Structure formats: structure tokens, C-alpha cells
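Asker: To convert, note that position 101 of the sequence shown is 281 in the numbering used here; the numbers rise steadily by one, no gaps. Got a structure for you, written out below as C-alpha cells; questions coming shortly.
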Amino acid sequence: MTATAVVPHSDLDPFSDAFLDDPYDAHRALRDAGPVVYLDHYRVWAFARFAQVRAVLTDPATFCSSAGVGLTDFRKETPWRAPSLLLEADQPEHTRARHAITKVLTPKVVRRFRDTFTQAAEVLVGKLLDRGTFDVVADLAEAFPLQVFPDAVGLPPDGRENLLPYGSMVFNGFGPRNHLFEEAMAGGVAVRDWIMAHCEADALSPDGVGALIHQAAAEEGYEPGERALLVRSFLSAGVDTTVHGLGNAVFCLATHQDQWQALRADPSLARAAFEETIRFESPVQTFFRTTTVDVQIAGVTLPAGEKVLTFLGAANRDPREWENPDEFDLSRRAAGHVGFGAGTHACVGQMLARLEGEALLGALARQVETLELAGPPVRQLSNTLRGLQTLPVRVG
Ligand code: OVM
Numbered sequence: 181m182t183a184t185a186v187v188p189h190s191d192l193d194p195f196s197d198a199f200l201d202d203p204y205d206a207h208r209a210l211r212d213a214g215p216v217v218y219l220d221h222y223r224v225w226a227f228a229r230f231a232q233v234r235a236v237l238t239d240p241a242t243f244c245s246s247a248g249v250g251l252t253d254f255r256k257e258t259p260w261r262a263p264s265l266l267l268e269a270d271q272p273e274h275t276r277a278r279h280a281i282t283k284v285l286t287p288k289v290v291r292r293f294r295d296t297f298t299q300a301a302e303v304l305v306g307k308l309l310d311r312g313t314f315d316v317v318a319d320l321a322e323a324f325p326l327q328v329f330p331d332a333v334g335l336p337p338d339g340r341e342n343l344l345p346y347g348s349m350v351f352n353g354f355g356p357r358n359h360l361f362e363e364a365m366a367g368g369v370a371v372r373d374w375i376m377a378h379c380e381a382d383a384l385s386p387d388g389v390g391a392l393i394h395q396a397a398a399e400e401g402y403e404p405g406e407r408a409l410l411v412r413s414f415l416s417a418g419v420d421t422t423v424h425g426l427g428n429a430v431f432c433l434a435t436h437q438d439q440w441q442a443l444r445a446d447p448s449l450a451r452a453a454f455e456e457t458i459r460f461e462s463p464v465q466t467f468f469r470t471t472t473v474d475v476q477i478a479g480v481t482l483p484a485g486e487k488v489l490t491f492l493g494a495a496n497r498d499p500r501e502w503e504n505p506d507e508f509d510l511s512r513r514a515a516g517h518v519g520f521g522a523g524t525h526a527c528v529g530q531m532l533a534r535l536e537g538e539a540l541l542g543a544l545a546r547q548v549e550t551l552e553l554a555g556p557p558v559r560q561l562s563n564t565l566r567g568l569q570t571l572p573v574r575v576g
């Protein structure tokens, strides 16, 4: 029998507004339906349980990335931008790109940013404390990464407003051509042009991470155009993700006062709070892979050349893996979640992301006594990212 005959089918649309707005009941339904589910809507295979998501991500030879990690199959359709040398590549090309980047993102370089990030976070939180009420998304979760990350990369001060719209194009671009995809891409030519121009060596300050990438990539034998594409990965993956992670973290803390009190009592829990946020409200919800061969998984054979959808956010709340998965709990061991992916493609910037989280949540814990909602949070829907559009709070 063919796999489509034996695998449970679902008519859920994981890129519909309703699903994206509140995915958790649907995640449970997908996990409970079976280890692999066929999504009739998109004709793809879906994995929502932790064990299978992890298995897919850690077998890149079978579940490849070079056909794209969104719904678009690069073998059949032209992608909206040149494929990433890092994200949308397999061995050996991926290994080479990854090597050029890990040569730069050493523990030593990451340590260099610790003081800068911490100081910037303390100053920002101090200003917001003076204001009393503010929007966490615009004034904190966006403002902080939009300052420290482009500084670290070595971008000039002007034009940084292009980073978030570009992130929106990238992360909505992984989904189907629904209204979110179209809205993100509309009028994006100027945004793309700015991003591409600022991936070039002459646009980057000589002491930043971008310049180091150009250097490391040149040593690896990459041509100038390819070196710029490696910098593009930073500008694609480094901003929207952390914005959503930081916004989700403050949202979780403001809506779980016992956990906020625990963090205040012990600001050294800031890192744990960020990690638990990535598990509990995973900023990156989904990625696709493509089967390279007929593959046996959970007792069925999936054909070669098909898209499979991994639900990172659902895996991170799978009760088969986690105790009380729907509880936001700083004291749990959240390590091992797949919010940063897993295996060879696992987030290469995760140490920088954690540093941003630790700096910002640490500054809140040290300076703020009371943190409460000052209005209804509004969700920002994205084909890939989970996060908020606005989050009004009052601090004291
Ligand atoms: C890239 C890229 C873009 C988006 C996400 C990502 C989460 C990487 O262009 O390499 O990783």
C-alpha cells in the first residue's frame, strides 16, 4: 500500500490565520493523529511529535535542505531569492559555508559582545522604566536587537529600518503564497536592494562580524558574490528571530507572574527564562525538508522527492517528551528543545541570540519590580514566526 493510504490525513491548514493565531490545539491534534500525518491542503507530510521532528532534523542526507526549507520545491519552481549558501544547502556545500561562519562566531567573539549587549540592555530598560508604560514589541523587543545586532555586524546607522521588512519577506516566504506571503513581498524591491548592497564588504565597517565573514569566506575560497551571500544569512536570520524571541519572553513573564517573581528574585535565571521561552513559544515554528530517497519512518515508506513539514513548536510541547509541556517554568531543563533546530543545521547564531536574551531579561530582572499588561497584546501573524505585533505593559 502507498503511504498516503495508511497515514492519517488532516485538512488542517498550518498557514491559515486561525492556525497561526493559536496553534496549540491543532498541534495536539496533529501529534495525536500519528507520528506522521498527510496534509491534504498542501500535499506534504507533517511531523509534530518531538521524536520524529528530531529524527528528521538530524538526518540531513535523507531529509535535505537544498530543495528549500519552505513549501517551494527549488527543483520545480524558482525561489523568490537566490538560495542561501547555508540554510538551503546540503553537504558538502553546507559544511563549507558553516565552517566559514563558525570560524567567525567563536566563543571569544561572542564573549566580546557580552559587555556591549549588557550595557545597552541596562540603558534601554532604565529609559523605559522612566516612561512607565510602553510597547514591549517596538520599544524593547525590536529596539534592542535593532541596535546591538547591526552594530555587531558592522552596518551603517542609516537604513536599518529595512531589516525587519526583509525578515518578514524571508520568513513569510517559507510559506505558501497566501495573503501573508503576498503582503510581505509587496513593494519589497527597495528592501531587497538595500539588504544586498549592505552585504558587500565595502558597506560594512572593518571591525564588525560582517567584515570577518568576508575574510573567513575569502580564506575558504569563496568568490566576492558568495561572501556577500554568507553575510545575507546574518541579515536574514539574525533580527526577526530574536525580536520574536525577546517579545515572547516578556509576554510569557508578564502573563506568568510567579515566574516573573522567580526571575526578579534571581536575575541569574535570565538565561533559563530565555531558553524556556524558546521552548514554550518557539519563535521559529516550522521548517520544511525534502526526502532524497524512499524513507521508512514510523512504519511507513515516504516516497523520495517530497516535502515534509516539521513543527518545531509542536515538538517542544509534546507530552511524550516533556512533563507539563504547557506550563511555562523557568526551573525546568528546557535544553534539548528543537526551537533552534537540531543537527548540522542547528542555529549557528544561537549563542548570540542567547546573549541578547540574557542581557535583556537580566536587565529587566535587575531594574524592574512590577511588570503588568497595560492593554491587550496583538499577535503578528507570519508563515514561520510566532510573536507579537504590540504588547503594551506598565512597569514600576
Ligand atoms: C539564511 C537564513 C534565512 C532565514 C533563516 C535562517 C533560521 C537562515 O538566509 O541563511 O535560519
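All C-beta atoms in this analysis are idealised placements derived from N, C-alpha and C, irrespective of residue type, glycine included. All values derive from a computational prediction rather than experimental measurement.
What do you reckon, is the C-beta of Glu268 under 8 Å from a heavy atom of the ligand OVM?
Answerer: Residue numbering aside, residue 268 sits at position 88 when the sequence shown is read from its first letter. True, at least one ligand heavy atom lies under 8 Å from that Cβ.
Asker: Mind checking whether Ala408 and Cys379 have CB atoms under 9 Å apart?
Answerer: The residue labelled residue 408 in the question sits at position 228 within the sequence shown. The residue labelled residue 379 in the question sits at position 199 within the sequence shown. Cβ distance < 9 Å, so Ala408 and Cys379 count as in contact.
Asker: Between which two residues does the alpha helix (DSSP H) holding Val369 run?
Answerer: Stepping through the sequence shown from its first residue, residue 369 is reached at position 189. Where Val369 is concerned, the enclosing alpha helix (DSSP H) stretches over Val369 to Ala377.
Asker: Cβ of Arg372 versus every heavy atom of the ligand OVM: is any distance shorter than 8 Å?
Answerer: Position 192 of the sequence shown, counted from the first residue, corresponds to residue 372. Checking every heavy atom of the ligand OVM against the Cβ of Arg372, none is found closer than 8 Å.
Asker: Do three or more CB pairs link the segment 438–445 to the segment 528–538 at distances below 8 Å?
Answerer: No contact exists between the segment 438–445 and the segment 528–538.
Asker: Determine which residues share a DSSP beta bridge with Thr252 and list them.
Answerer: Looking up residue 252 in the sequence shown gives position 72. Beta-bridge pairing links Thr252 to no other residue.
Asker: Straight-line CA distance for Gly353 to Val233?
Answerer: Here residue 353 refers to the residue found at position 173 when the sequence shown is read from its first residue. Here residue 233 refers to the residue found at position 53 when the sequence shown is read from its first residue. Distance between the alpha carbons of Gly353 and Val233 is about 21 Å.
Asker: Under three-state DSSP, which class holds Ser462?
Answerer: Your numbering for residue 462 matches position 282 in the sequence shown. In the structure shown, Ser462 sits in coil (DSSP, three-state: anything other than H, G, I, E or B).
Asker: Does chain C have any CB closer than 9 Å to the CB of Asn496?
Answerer: No chain C is part of this structure, which consists of one protein chain only.
Asker: Note down the Cα distance separating Pro404 from Asp382, rounded to an integer number of angstroms.
Answerer: Reading the sequence shown from its first residue, position 224 is the one you call residue 404. Reading the sequence shown from its first residue, position 202 is the one you call residue 382. Taking the straight line from one Cα to the other gives about 11 Å.
Asker: Would you report the Cα separation of Leu392 and Lys288, rounded to the nearest angstrom?
Answerer: The residue labelled residue 392 in the question sits at position 212 within the sequence shown. The residue labelled residue 288 in the question sits at position 108 within the sequence shown. So the two alpha carbons sit approximately 13 Å from each other.
Asker: If contact is defined by three or more beta carbon pairs under 8 Å, each pair taking one atom from either stretch, is the segment 481–496 in contact with the segment 273–290?
Answerer: At 8 Å Cβ cutoff, the stretches do not touch.
Asker: Would you please state the rounded distance, in angstroms, between the beta carbons of Pro356 and Tyr218? I believe it to be under 8 Å.
Answerer: As a working note, residue 356 is residue 176 in the sequence shown. As a working note, residue 218 is residue 38 in the sequence shown. Not quite, the Cβ-Cβ distance comes to about 16 Å (not below 8 Å), so this is no contact.
Asker: Could you check where the beta strand (DSSP E) with Ala226 kicks off and where it finishes?
Answerer: The sequence position of residue 226 within the sequence shown is 46, counting from 1. Unbroken beta strand (DSSP E) run through Ala226: Val224 to Phe227.
Asker: Could you check whether the Cβ of Ala383 sits closer than 8 Å to any heavy atom belonging to the ligand OVM?
Answerer: For the purposes of this step, residue 383 is taken as residue 203 along the sequence shown, with counting starting at 1. Result no, Cβ not under 8 Å from the ligand OVM.
Asker: From Ile458 to Ala514, what does the alpha carbon distance come to, in whole angstroms?
Answerer: Mapped onto the sequence shown, residue 458 falls at position 278. Mapped onto the sequence shown, residue 514 falls at position 334. Cα-Cα distance, rounded: 9 Å.
Asker: Could you tell me the alpha carbon to alpha carbon distance between Gly521 and Pro188, rounded to whole angstroms?
Answerer: Translated into the one-based positions of the sequence shown, residue 521 becomes position 341. Translated into the one-based positions of the sequence shown, residue 188 becomes position 8. Near 25 Å, if we compare the C-alpha coordinates of Pro188 and Gly521.
Asker: Following a CB-centred definition, is Phe351 positioned closer than 8 Å to any heavy atom of the ligand OVM?
Answerer: Within the sequence shown, residue 351 is the residue found at index 171, counting from 1. Yes, Cβ of Phe351 sits closer than 8 Å to a heavy atom of the ligand OVM.
Asker: Under the assumption that Arg566 contacts Gln465 (Cβ atoms under 8 Å), give the Cβ distance between them as a whole number of angstroms.
Answerer: The residue labelled residue 566 in the question sits at position 386 within the sequence shown. The residue labelled residue 465 in the question sits at position 285 within the sequence shown. Yes, they are in contact, since the Cβ atoms of Arg566 and Gln465 sit about 5 Å apart, within 8 Å.
Asker: Assign Thr421 to one of two classes, buried (16 or more other C-beta atoms within 10 Å of its C-beta) or exposed (fewer than that).
Answerer: Along the sequence shown, read from residue 1 onward, the residue named residue 421 stands at position 241. By the neighbour-count rule (16 or more Cβ atoms within 10 Å), Thr421 is buried.
Asker: Which of the three DSSP states, helix, strand or coil, is assigned to Cys527?
Answerer: By one-based count along the sequence shown, residue 527 stands at place 347. In the structure shown, Cys527 sits in coil (DSSP, three-state: anything other than H, G, I, E or B).
Asker: Going by the CB atoms, is the gap between Leu426 and Leu266 shorter than 9 Å?
Answerer: In the sequence shown, the residue the question calls residue 266 occupies position 86. In the sequence shown, the residue the question calls residue 426 occupies position 246. Contact flag unset, no.
Asker: Nearest by alpha-carbon distance to Leu210: which of His274, Asp220, Leu200 and Arg229 is it?
Answerer: Along the sequence shown, read from residue 1 onward, the residue named residue 210 stands at position 30. Here the closest residue by C-alpha is Arg229.
Asker: Considering only heavy atoms of the ligand OVM, does any lie closer than 8 Å to the CB of Arg412?
Answerer: Start at 1 with the first residue of the sequence shown, and residue 412 comes out as number 232. Result yes, Cβ under 8 Å from the ligand OVM.
Asker: Compute the minimum distance between the beta carbon of Cys527 and the heavy atoms of the ligand OVM, and state whether it is under 8 Å.
Answerer: As a working mapping, residue 527 is identified with position 347 in the sequence shown. Yes, Cβ of Cys527 sits closer than 8 Å to a heavy atom of the ligand OVM.
Asker: For the putative contact between Leu344 and Val419, defined by C-beta atoms under 8 Å, what is the C-beta separation to the nearest angstrom?
Answerer: For the purposes of this step, residue 344 is taken as residue 164 along the sequence shown, with counting starting at 1. For the purposes of this step, residue 419 is taken as residue 239 along the sequence shown, with counting starting at 1. The pair is a contact, with the Cβ atoms about 6 Å apart (cut-off 8 Å).
Asker: Let me make sure I understand the geometry here. Which of Arg497, Thr470, Ala417 and Glu549 has the alpha-carbon closest to that of Ser264?
Answerer: On the sequence shown, position 84 is the one that residue 264 refers to. Considering only alpha carbons, the answer is Ala417.
Asker: Ignore the nearest five residues each way along the sequence and tell me which others in Asp315's own chain have a CB closer than 6 Å to its CB.
Answerer: Position 135 of the sequence shown holds residue 315. So the qualifying residues of the chain are Thr570 and Pro572.
Asker: Identify every run of the alpha helix (DSSP H) within the segment 201–246, keeping only runs that are complete inside it and at least 4 residues long; order them along the chain.
Answerer: The qualifying runs are 204–213 and 230–237.
Asker: Have a look at Leu568, Asn563, Glu536 and Val575 and flag the residue whose alpha-carbon is nearest the alpha-carbon of Asp193.
Answerer: As a working mapping, residue 193 is identified with position 13 in the sequence shown. Ranking the options by Cα distance to Asp193, first place goes to Asn563.
Asker: What's the C-alpha gap between Ala231 and Glu486?
Answerer: Along the sequence shown, read from residue 1 onward, the residue named residue 231 stands at position 51. Along the sequence shown, read from residue 1 onward, the residue named residue 486 stands at position 306. Cα-Cα distance, rounded: 20 Å.
Asker: Using the C-alpha atoms, what's the distance from Gln271 back to Val284?
Answerer: Position 104 of the sequence shown, counted from the start, is the residue given in the question as residue 284. Position 91 of the sequence shown, counted from the start, is the residue given in the question as residue 271. Each residue's Cα considered, the two are about 20 Å apart.
Asker: Applying the criterion that 16 or more other CB atoms from any shown protein chain within 10 Å of the CB defines a buried residue, is Asp498 buried or exposed?
Answerer: By 1-based counting over the sequence shown, the position of residue 498 is 318. Under this definition Asp498 is a buried residue.
Asker: Could you tell me how far apart the beta carbons of Pro483 and Ala183 are, in whole angstroms, since I believe they sit closer than 8 Å?
Answerer: Position 303 of the sequence shown, counted from the start, is the residue given in the question as residue 483. Position 3 of the sequence shown, counted from the start, is the residue given in the question as residue 183. That belief holds up - the Cβ atoms of Pro483 and Ala183 are roughly 7 Å apart, short of 8 Å.
Asker: Closest to Val224 by CA distance: which of Asp191, Arg255 and Ala206 is it?
Answerer: Locating residue 224 in the sequence shown gives position 44, where the first residue counts as 1. The shortest Cα separation from Val224 among Asp191, Arg255 and Ala206 belongs to Asp191.
Asker: Does Thr470 come out as helix, strand or coil in the three-state DSSP assignment?
Answerer: The sequence position of residue 470 within the sequence shown is 290, counting from 1. Three-state result, Thr470: strand.
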